[in-house]
Amino acid sequence: MRKLLLASAAAILCATGLQAEVKVGMITTLSGGGAGLGIDVRDGFMLAIAQSGRDDIEVVIEDDQRKPDVAVQLADKMIQAEKVDVMTGIIWSNLAMAVVPSATAQGKFYLSPNAGPSALAGKGCHENYFNVAWQNDNLHEAAGAYANTASYKNSFILAPNYPAGKDALTGYKRMYEGGLAGEIFTELGQTDYAAEIAQIRASGADSVFFFLPGGMGISFLKQYADSGIDLPVVGPAFSFDQGILQAVGEAAMGVVNTSQWNKDLDNPTNAAFVETFQAEYGRLPSLYASQGFDTANLLISALEVAEPGDKAAFRTALKAANFDSTRGAFAFGDNHHPVQNIYAREVVKEGDVFTNKIIGVALENHADAYAGDCAF
Amino acid sequence: MSTILIIEQVLNGLQFGVMLFLMAAGLTLIFGVMGLINLAHGSLYMIGAFVAAAVAGLTGSFLLAIAAAMAAAAVAGVLVEMLVIRRLYAADHLDQVLATFALILIFSEGTRWVFGSFPLFLDIPSEISGPVTLPGGIEYPLYRLVLIGIGLAVAATLGWLITKTRIGIRIRAGENDREMIAALGVDISKLYTAIFALGAALAGLAGALVGAIQSVQVGMGEPVLILAFVVIVIGGIGSIKGALIGSILVGLTDTLGGIFLPELFKLFMAPAAAQSAGASLASMAIYILMGAVLIWRPTGLFGARAA
């Protein structure tokens, strides 16, 4: 399925004749189990484009079905047939690894609204690759830092057995100073955590850290709440975003999670974003939506200064990150990954809706651990 | 590793096994009696979970949700059988696989249209939530004990149905020789529809029961479907007894393998490497079990004829 969103008729462009048409290729996940994330990124991105009033930006949106081979085909088509100037949209790190290196090698700009694999932040970094969300380890590092301030001494940690899961535990341990009661790799896509929960109970831990994105986190939290264990739980925002909190329900109440964004971050851009997103789509935005929104605004800010055809100038304009982010202050490090605050949030209930509330800063102006390995 | 932990893990394996049995029982009957490979069985499981979540959300009653889930899955099963599958009995397995794979895609995207892309909420009713203390000081979630009870009750009912009732005789006769029972005057097409509805209702029941402790989301049925196929191959195609024994074997192997293999590897490897290698091997354990069973008994534990 293919959707073309033409901002406006070409005639207007000819009449003004000031700006060249810019073509953006968005490959994201719009069907299957992981569709909620891609839909949020897309909606946030398109909201920013609509609000900018720029009618010369054409966005081609395609669904990768969360499959690397499909994403690669779509990328080839966008680069060769559609001749896009800038690419964006990929949610999953394994898809990003399949698409980004080849797209940037072919001279395209890639702005990541979500995936931030370590390989693209360190030795594999590229001058045309910008990550607007985070490097994958960041939120886990923040969870480790929060564990220190909460004086956890004996954490039980678990994550799925795949690259991002290993990065997660590495990230937590990088910051966390206490001991480990246990460390488990679960199966990717696992839905039953009874065995792991029994091990947690037997381990004598004083806290639990988990990275189980999407449905895996829902299953874990429901089963954990039902098991009667009352150790504090901490994790990255991925299992507590607006889209899935309602499915977890009471089981998530009071859980601390780490995120670079939350809807109560106090700045005018964010307040306007939360309000207009809710008005436009009838639901609260998630962190993914905020990342899509920021990505589009970064792109627009760079387009104000330079055209993608003038690569050096456009790159400098992107690097300057001269836009109003929903996160407040926003800057890129030398490897084109964000240097930003990461907050600790707590799950609360507002009326009938489960959502998050910021309780403090977990890491201030935090850059990723791989920046030093990057040389363009 | 304490005895309490081991007993708790055995209970977990048993609970996983009996839920698998609900899926595998329908699949093995449909495969055994009709000779049909139904990949869309996982979609019926998903339908059960979604309908249960929707009905529980509207009425607040978990029992009503389960009844609605079984009914909806049975209706979906009957529709699928009458509209699509009936045309495929004579076709070879590749055509059946293609057609029922198409059904998976249709059901998945259809569910996404109706219910949206975000997972739904379905919770354990408060009367049976929380842990209970078993003899020996084992704390175990009550809901999981209820699941074990329901699974074993369904197994006993199915066993009675197959061995003691008229429809059971027909099902067994159908497994042995389809043409012959048709020639003897049994309305084979009604029998097929009835079996399909029964299998679908069991899948819907499993979806609703498991949905309460897991994530109710599009695509939740396919991983279970793969395990259910492993179960019926181990148990012997067409055999309810085989499906029960196979389910419990797979449930225990999967659960206990995930716990003990990393521990075993730690005896001679560094903890991080042992954890990773153990987890990898544990995810293979049920397939190794399947391979071993097939070498020992090529038709499965209780398989009557070559599949």
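Just so you know, the sequences run in chain order A and B.
Start counting the first sequence at 4; every next residue gets the next number (the numbering used here).
Start counting the second sequence at 26; every next residue gets the next number (the numbering used here).
In this text, a Cβ means the ideal position worked out from N, Cα and C, and glycines have one as well.
Rounded C-beta distance between residue i and residue j? I'm assuming under 8 Å.
i                : j                : result
Ala233 (chain B) : Ala94 (chain B)  : 4 Å
Gly37 (chain A)  : Gly217 (chain A) : 6 Å
Ile257 (chain B) : Phe56 (chain B)  : 6 Å
Phe41 (chain B)  : Asp195 (chain A) : 6 Å
Leu61 (chain B)  : Leu113 (chain B) : 7 Å
Leu366 (chain A) : Ala150 (chain A) : Between Ala150 (chain A) and Leu366 (chain A) the Cβ distance is about 12 Å, and since that is not below 8 Å, they are no contact.
Gln263 (chain A) : Ile362 (chain A) : Between Ile362 (chain A) and Gln263 (chain A) the Cβ distance is about 15 Å, and since that is not below 8 Å, they are no contact.
Gly316 (chain B) : Gly261 (chain B) : With a Cβ gap of about 15 Å, Gly316 (chain B) and Gly261 (chain B) do not count as contacting.
Ser242 (chain A) : Leu224 (chain A) : 7 Å
Ile173 (chain B) : Val43 (chain B)  : 6 Å
Under three-state DSSP, which class holds residue i?
i                : result
Ala13 (chain A)  : Confidence is the limiting factor: at Ala13 (chain A) the pLDDT is only 41, short of 50, which leaves the residue's position unreliable, though a coordinate-based value still follows. Ala13 (chain A): helix per DSSP, three-state reduction.
Ala310 (chain B) : helix
Phe293 (chain B) : coil
Ile149 (chain B) : coil
Tyr165 (chain B) : strand
Trp137 (chain A) : coil
Ser96 (chain A)  : helix
Met4 (chain A)   : With a pLDDT of 42 at Met4 (chain A), under the threshold of 50, the predicted position of this residue should be treated as unreliable, though the coordinate-derived value follows. Correct three-state label for Met4 (chain A): coil.
Glu180 (chain A) : coil
Arg330 (chain A) : coil
Ile232 (chain A) : coil
Val44 (chain A)  : helix
Gly20 (chain A)  : Because Gly20 (chain A) sits at a pLDDT of 43, beneath the cut-off of 50, its placement in the model cannot be relied upon, and the following sentence gives the value as read from the coordinates. In this structure, Gly20 (chain A) counts as coil in the three-state DSSP scheme.
Leu30 (chain B)  : helix
Val275 (chain B) : helix
Phe317 (chain A) : helix
Thr324 (chain B) : coil
Ile60 (chain A)  : strand
Val241 (chain B) : strand
Ala332 (chain B) : For Ala332 (chain B), the predicted model reports a pLDDT of 40, less than 50, meaning its position is unreliable and no value from the coordinates is stated.
Tyr175 (chain A) : helix
Lys126 (chain A) : coil
Gln193 (chain A) : coil
Tyr114 (chain B) : coil
Asn63 (chain B)  : coil
Val211 (chain B) : coil
Arg137 (chain B) : helix
Ile259 (chain B) : helix
Phe143 (chain B) : coil
Does the separation of the CB atoms of residue i and residue j fall below 8 Å?
i                : j                : result
Leu142 (chain A) : Thr261 (chain A) : yes
Ile187 (chain B) : Ile265 (chain B) : yes
Glu190 (chain A) : Ser272 (chain B) : no
Met29 (chain A)  : Gly92 (chain A)  : yes
Gly181 (chain A) : Ser158 (chain A) : yes
Val251 (chain A) : Ile221 (chain A) : yes
Gln76 (chain A)  : Thr32 (chain A)  : no
Val350 (chain A) : Leu215 (chain A) : no
Ala292 (chain A) : Asp66 (chain A)  : no
Ala99 (chain A)  : Asp371 (chain A) : no
Asp209 (chain A) : Leu234 (chain A) : yes
Considering only DSSP beta bridges, list what residue i is partnered with.
i                : result
Val237 (chain A) : A:Phe212 and A:Val259
Asp66 (chain A)  : A:Thr31
Ser115 (chain A) : A:Asn134
Phe335 (chain A) : A:Pro341
Lys266 (chain A) : Answer is none; Lys266 (chain A) lacks a bridge partner.
Gly165 (chain A) : The sequence given here places Tyr at residue 165 (chain A); Gly does not occur at that position. DSSP lists no partner for Tyr165 (chain A).
Met90 (chain A)  : A:Gly28 and A:Tyr113
Leu159 (chain B) : B:Ile163
Tyr346 (chain A) : A:Ser262 and A:Val364
Lys189 (chain B) : BP columns for Lys189 (chain B) are empty, so no partner.
Asn157 (chain A) : A:Gly182
Glu106 (chain B) : According to DSSP, Glu106 (chain B) bridges with nothing at all.
Asn359 (chain A) : A:Val350
Phe188 (chain A) : A:Ala162
His369 (chain A) : A:Gln343
**Prompt:** Does the count of Cβ pairs from the segment 67-86 of chain A and the segment 175-186 of chain B closer than 8 Å reach three?
**Reply:** no
**Prompt:** Are at least three pairs of beta-carbons, each pair with one atom in the segment 184-203 of chain A and one in the segment 129-141 of chain A, less than 8 Å apart?
**Reply:** no
**Message:** Counting beta carbon pairs with one atom in the segment 227-242 of chain B and one in the segment 84-98 of chain B, are three or more of them shorter than 8 Å?
**Reply:** yes
**Request:** Flag this pair as touching only if the segment 110-119 of chain B and the segment 133-150 of chain B have three or more C-beta atom pairs under 8 Å; answer yes or no.
**Result:** no
**Asked** Using 8 Å as the Cβ pair cut-off and three pairs as the minimum, do the segment 80-98 of chain A and the segment 330-341 of chain A touch?
**Response** no
**Prompt:** Does the segment 216-225 of chain B come within contact of the segment 245-263 of chain B, defined as at least 3 CB pairs closer than 8 Å?
**Reply:** no
**Prompt:** Are three or more beta carbon pairs between the segment 97-113 of chain B and the segment 60-75 of chain B nearer than 8 Å?
**Reply:** yes
**Asked** Counting pairs of beta carbons, one from the segment 286-299 of chain B and one from the segment 208-223 of chain B, are three or more of them closer than 8 Å?
**Response** no
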